[in-house]
Every structure is written in C-alpha cells, then in structure tokens.
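Participant: Read left to right, the sequence shown gives residues 214 to 610 (this note's numbering).
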Amino acid sequence: MNYDKKSKALFYGLEFVNGFRRNITSLLLIVYFVFLGHDPVKVTTLIFFSSIVFALFEIPSGAFADHYSRKLSLLISFFLMSLSFLGFYLFKEFWLLAICFVLNDIAFTFQSGTNSAWIIDELKIGKKKKEITSLFTKSMFSEKSGQFIAGIIGFFIIALQFKIIWLIISLTNLVIFFLILFYAEERNFKSIKNEKHFIVNTFIQAKNSFAHLFHKTNKNLRGLVISDFIGNISLNSFYITMPLILYQILKFPPENISLLSILMAGVALFGPFIGGHIAHKKGFKKSLSSLFLGLFVAMAIFALSKNLILSLIVLSLFKGLEAALGTVFDSAQHHEIPSHLRATLSSIINQSWSIANALSALLVSVGLIYFDLIITTMIVSSISLITAISYGVMLKE
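1. For residue 423 and chain B, any beta-carbon pair shorter than 9 Å?
2. Spatial neighbours of residue 337 within its chain, please: CB distance less than 7 Å, with the 5 preceding and 5 following residues excluded, ordered by chain position.
3. So what does DSSP say about residue 546, is it helix, strand or coil?
4. Do you know how far the Cα of residue 506 is from the Cα of residue 483?
5. For the segment 559 to 579 and the segment 387 to 398, state whether three or more C-beta atom pairs, one from each stretch, are separated by less than 8 Å.
6. Taking just the CA atoms, how far does residue 281 sit from residue 391?
7. Between which two residues does the alpha helix (DSSP H) containing residue 436 stretch?
8. Check residue 493 in the structure and name its three-state DSSP category.
9. Are residue 238 and residue 574 closer than 9 Å when you measure CB to CB?
10. Rounded to whole angstroms, what is the Cα-Cα separation between residue 439 and residue 373?
11. For residue 605, report the span of its alpha helix (DSSP H) as first-last.
12. What would DSSP say about residue 326, mapped onto helix, strand or coil?
13. The alpha helix (DSSP H) that contains residue 377, what's its start and end?
14. Assign residue 400 to one of three DSSP states: helix, strand, or coil.
15. Mapping DSSP to helix, strand and coil, what is residue 522?
16. With DSSP as the reference, label residue 461 as helix, strand or coil.
17. How big is the Cα-Cα spacing for residue 268 and residue 446?
18. Compute every distance between the C-beta of residue 529 and the non-hydrogen atoms of the ligand SAM, then say whether any falls below 8 Å.
19. By the 10 Å Cβ neighbour count, where 16 or more other Cβ atoms means buried, how is residue 256 classified, buried or exposed?
20. Identify whether residue 483 lies in helix, strand or coil by the three-state DSSP scheme.
21. Enumerate in chain order the residues of its own chain whose CB-to-CB distance from residue 393 is below 8 Å, with the five nearest sequence positions on each side excluded.
22. In whole angstroms, what separates the C-alpha of residue 271 from that of residue 564?
23. With a floor of 4 residues, list each alpha helix (DSSP H) that falls wholly inside the segment 246 to 300, ordered by position along the chain.
24. Between the alpha carbons of residue 388 and residue 381, how many angstroms are there, rounded?
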C-alpha cells in the first residue's frame, strides 16, 4: 500500500471511530445522566461549563499541533478520550462524571482540526477544491458508517447494561491510539522544536490566525466562521432538546433511542455523497444556505409533530441533511485555510463551536425553566433559518 492510500485508510478509520463515539454521546450521554437520576438543568449547566473549558483549550492545542506535531496531538487526544470514557463506565457520582465530561472535551481539542490538517497536508491537496470535497465526502461516509454500527451495537449492549457502551468506546479510542502511534507519519510537516517558547509560539500563532481571518481579502472565510457559529447554536441546542423529547415526552427507553440511531445513521450514509454532489454542482454558498433551510424545516416539524412515525422520519432526514452539511462545510473551510495555519485556524473555528455550545446549553436551560421543550425547540429551529440567510448574504460563492 502506497503512502497516500495508507494515510487515507488511517484517516477514514479515525473518522469511523469518531462517528461511533459521536452517535452514542450525542443521543445517549445526556440521557445517561438523567437515567442515573441527575437533574437535566444540572446537566445543561455542566455542558455550559465544559464548553468554556473547551474554548480555552482550543487555540493552545491547535498551536501545539501546527508548531510541534500533529501526530502527537492526535495521540494525546485519543488517549485522554479513552480515559474519560473509562470514567463514564466506572463512576456514577455526578462530580466524577463531570470531571470525565470535561476531560473528554479537553481531549477533543487536541484532534479538532488537527486530523484534517494532518491528512490534507500529507496528501498536498490544500488548494484542490475537487480533491478536498472528495476526501471529506469519503471521510464523512466513514463517520456515518461508524454511527450506523454504533446504533446496532448500542441497541444490544444498552439493553443488557447501559454503562458497558462507555467501556466499548474507551477501548475503540485506545485501538486508534495505537494505530496512530505505529502507522501515522508526518512526511510533509516540519515541526518547530522549541518547547521553551511554547506559550510565546501559541500567542504568535493565534495572532497570525486572527490576522488572516480578519484580513480584507478573506471575506469568505469570515462568512463561514460567523455563519457556522450561528448554525452551531441551533444544532447544538437541538442535540440537547431532541433526546430529552424522545426520553421524557415520547417515553423512548435508552435502548430504543439507540435503535432509532440505526435508522438515522443509515439515512445519513447517503448524506456525504449528496453534500459532495451539490457542492460540485452548486458551489459552497448555495449548498450551505439550502442545507440549513432544510434543517430548519426538519427541526420545526419534529418540534410540532405529535405523530411518532413522522417524528422518526423527520429525525432521519435531519441526520442526512446534517451529514451533507458536514461534507460541504469541511470542504469549504479547508479550501480557504492556508497550510501553515490549518490546525490553529481550524481550532479557532472549533472554539467558536464551543462558545456556541455553551450558549446552546444556556439557551436550553432558560427554555426549560421559563418555557417547555417544544417551545424551546421551535426557538432553536428558527436559528437555523437565520443561519441559512447568513450564508446566503456573507459568502461570495
């Protein structure tokens, strides 16, 4: 196997495991806290706090990857993730689970943007729009395949004993850790081995990244970052209210939510190819705007529907649209970012995601206190409509 094929295979495997983890955590981690008897408002407060910690770690972790080693950054990420999910398996007390929750977010900062930066630079496709879109179409398919498998495994495991699923995720992250350790290379990356000045280098890298972001010639990149921030408030909020609606209002037991995720992930398998197709045909601007318009409609129907079958169909379509969105946005993002700032700028974009996540938790907390789940979800869906407009106005192409 040549170097490019080996690197792609490792990257797709990494995304498969990420998909496995994301499917379980996005649908069931909040439910697990409630399942153990912890207050949902207490959990959303934890999400808010953890998102702030995530934001604080994003730029230093991205600068570390750009300056020293993207491989080492990925190793740190998957090792810490393995520890955090082992904690979810071992503990029941809220404060111990909270520590694991925060550790998991910190761990993710060391790979957010870094995995993509690593593969793009190793393949030398940074300015090749067609190749980048093709890469992320396949990587998103790998991630959604992981989600599909997670739904099948989760259904049987959770029905047997809920907490075992966290042990399985811990072990899969450990497997990826060793695969990266022994098989990942950095042939096209030159590190700056100057550990004494890491803090200084971090600030320099952050300064250069922000200067690039706000330069007058980078309107498209700014439009992507701002619109993505707005959209993430909507999507992250929905991922808090949606499982609560399923569990508390529709009375779905955890194993049935996992079964539902199989259907959702199965539909989502087609999303990356749809996203790649429309990105090639319509460009990034029209694709992103149209996809968020579709997400707005899907969220609104889910919030208002009292028909279980319709709700499940809409959720599946939502996952397909989200998968298409991920392909288009990742392609657009990395097409705009230069190689030497790729991990740091990606971290800044992910930092905006974490701030959006904190605001999402705050929004849902206020909604649960003053309104109800349905009204809160309708408010959340309207933000996706605003995002669709934002992409249409702020992007050039």
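Backbone N, C-alpha and C define an ideal beta-carbon position, used for all residues, glycine too.
Facilitator: According to the structure shown:
1. In the structure shown, chain B does not exist; there is a single protein chain.
2. Excluding sequence neighbours, residue 337 sits near 401.
3. Looking at residue 546 - three-state DSSP - the assignment turns out to be helix.
4. Here the alpha carbon of residue 483 sits roughly 19 Å from the alpha carbon of residue 506.
5. Using a C-beta cut-off of 8 Å, the segment 559 to 579 makes no contact with the segment 387 to 398, since fewer than three inter-stretch Cβ pairs fall below that distance.
6. Each residue's alpha carbon lies about 20 Å from the other.
7. Going by DSSP, residue 436 is part of the alpha helix (DSSP H) stretching over 432 to 457.
8. Helix at residue 493.
9. The answer is no: Cβ separation not under 9 Å.
10. Answer to the nearest angstrom: the Cα atoms are 44 Å apart.
11. Counting along the chain, the alpha helix (DSSP H) containing residue 605 begins and ends at 586 to 607.
12. Three-state DSSP puts residue 326 in coil, outside helix and strand.
13. In this chain, the alpha helix (DSSP H) harbouring residue 377 covers 377 to 396.
14. Residue 400 falls in the coil class under three-state DSSP.
15. Assignment of residue 522 by DSSP, reduced to helix, strand and coil, places it in the helix class.
16. For residue 461, the secondary structure class from DSSP, reduced to helix, strand or coil, is helix.
17. C-alpha of residue 268 to C-alpha of residue 446: approximately 14 Å in a straight line.
18. This structure lacks the ligand SAM; in fact it carries no ligand of any kind.
19. Buried, because 16 or more other Cβ atoms sit within 10 Å of the Cβ of residue 256.
20. Coil at residue 483, not helix or strand.
21. Excluding positions up to five away in sequence, the list reads 223, 227, 284, 287, 288, 291.
22. Rounded to whole angstroms, residue 271 to residue 564 spans 6 Å at the Cα level.
23. Uninterrupted alpha helix (DSSP H) stretches at least 4 residues long and entirely within the segment 246 to 300 occur at 253 to 280, given in chain order.
24. If I take the Cα positions, the gap works out to 11 Å.
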